[in-house]
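Per my numbering, residue -8 is the first one in the sequence shown, and the count goes up by one each step.
Where a beta carbon is used, it is the ideal one built from N, C-alpha and C, also for glycine.
On a predicted model such as this, the values are computed, not experimentally measured, just so you know.
Each remark here refers to the structure printed beneath this line.
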Amino acid sequence: MRKKIVAGNWKMNTLPTEGVELAKGVAAGRAEVCDCVNIIVCPPFTHLQSVIETLKGANVAVGAQDCATESKGAYTGEVSAQMIAALGCEYVILGHSERRQYYGETSETLNKKMERAFENNLKPIYCVGENLEEREAGRHFEVVKAQIEEVVFNLTAEQFAQLVIAYEPVWAIGTGKTATAEQAEEIHAYIREVLRSKFGAAADECSILYGGSCKPSNAGEIFSKENVDGGLIGGAALKAEDFLAIGKAF
Ligand code: PEP
């Protein structure tokens, strides 16, 4: 049975006190969401610790939004996977399209970040997805395939067993445009097929999340598809009520 997951990517939103309030709201309503759904929140680095403390015993896991390519040393401004793990994070988002687009992340960088994450027992949520131009040119399958082959195919079977994938079409992120449930299922099934070509039956155990303007009103339909195992949620994760409603949408 694949894990069902709803993960909130808070991005560069909330001040530390606001983040703690949001986490309190998620903790307070967690019991209304099935235990069979793994709930994860990914706050900014600055409030990872206070959010982790707030969520102790609440059955909500915490992830970071990124980690450094290097383990430690003279890399001003960077935050290492080891630091994140030491705080008690379980997950780390890697390869978000905003990091690929604005900070020049490539498969080369992401291979290093993956290694750092696994060295520190963090489970990566690896994001893939095409932009609008690529979708309109019908290139979405090849784009996503390359993002997987260039990074995920370098993992060992043991590492792959810990990986979560998030398919996030760039044209749907923060735009209010959502992929239809059929579009999501089509590419999720394709991603699983690509994974199967390398990892065999283990591909059937890998959770593949949809991300891109997912909200309470559309989550149920998208999550009903066979190869959609949950969501990576941006905007709607900033309101505990909406985020939890998405968790209830399965
Ligand atoms: C995201 O950035 O991971 C995301 C899915 O954002 P939104 O839900 O706001 O489109």
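Relative to the C-alpha of residue i, which residue among the options is closest?
i           : options               : result
residue 230 : 151, 34, 27 and 96    : 34
residue 239 : 207, 78 and 146       : 207
residue 19  : 101, 232 and 241      : 232
residue 21  : 123, 50, 156 and 204  : 50
residue 93  : 199, 161, -5 and 196  : 161
residue 182 : 203, 165, -3 and 156  : 156
residue 173 : 166, 7, 189 and 210   : 210
residue 249 : 63, 10 and 73         : Residue 249 falls outside the range modelled here, since the chain spans only -8 to 241, and no answer is possible.
residue 205 : 175, 180 and 6        : 175
residue 62  : 138, 108 and 200      : 108
residue 124 : 70, 134 and 115       : 134
residue 197 : 150, 26, 213 and 136  : 150
residue 246 : 165, 74, 142 and 40   : With the chain running from -8 to 241 in the structure shown, residue 246 is simply not present.
residue 116 : 168, 142, 178 and 122 : 142
residue 14  : 68, 178, 23 and 42    : 42
residue 179 : 131, -3 and 12        : 131
residue 99  : 60, 222 and 27        : 60
residue 167 : 120, -8, 140 and 224  : 224
residue 222 : 28, 126 and 121       : 28
residue 40  : 80, 25 and 213        : 80
Within 10 Å of its beta-carbon, does residue i have 16 or more other beta-carbons around it, so buried, or fewer, so exposed?
i           : result
residue 97  : exposed
residue 118 : buried
residue 56  : buried
residue 52  : buried
residue 215 : exposed
residue 77  : exposed
residue 86  : buried
residue 6   : exposed
residue 58  : buried
residue 128 : exposed
residue -1  : buried
residue 95  : exposed
residue 217 : exposed
residue 120 : buried
I think residue i touches residue j, with their Cβ atoms under 8 Å apart; what is that distance to the nearest whole Å?
i           : j           : result
residue 54  : residue 31  : 5 Å
residue 82  : residue 113 : 6 Å
residue -6  : residue 195 : Not a contact, Cβ separation roughly 12 Å.
residue 144 : residue 104 : About 16 Å; that fails the 8 Å criterion.
residue 163 : residue 170 : 5 Å
residue 226 : residue 159 : Contact doesn't hold; Cβ gap of about 13 Å is too wide.
residue 148 : residue 193 : 6 Å
residue 17  : residue 235 : 7 Å
residue 36  : residue 70  : 5 Å
residue 111 : residue 72  : 4 Å
Answer yes or no: does any C-beta atom of chain B fall closer than 8 Å to that of residue i?
i           : result
residue 165 : Absent here is chain B; the protein component of the structure consists of one chain.
Per DSSP, which one or two residues make a beta bridge with residue i?
i           : result
residue 117 : 85 and 156
residue 66  : Paired residues: none, contrary to the question.
residue 33  : 0
residue 201 : 158 and 222
residue 52  : 31
residue -5  : 28
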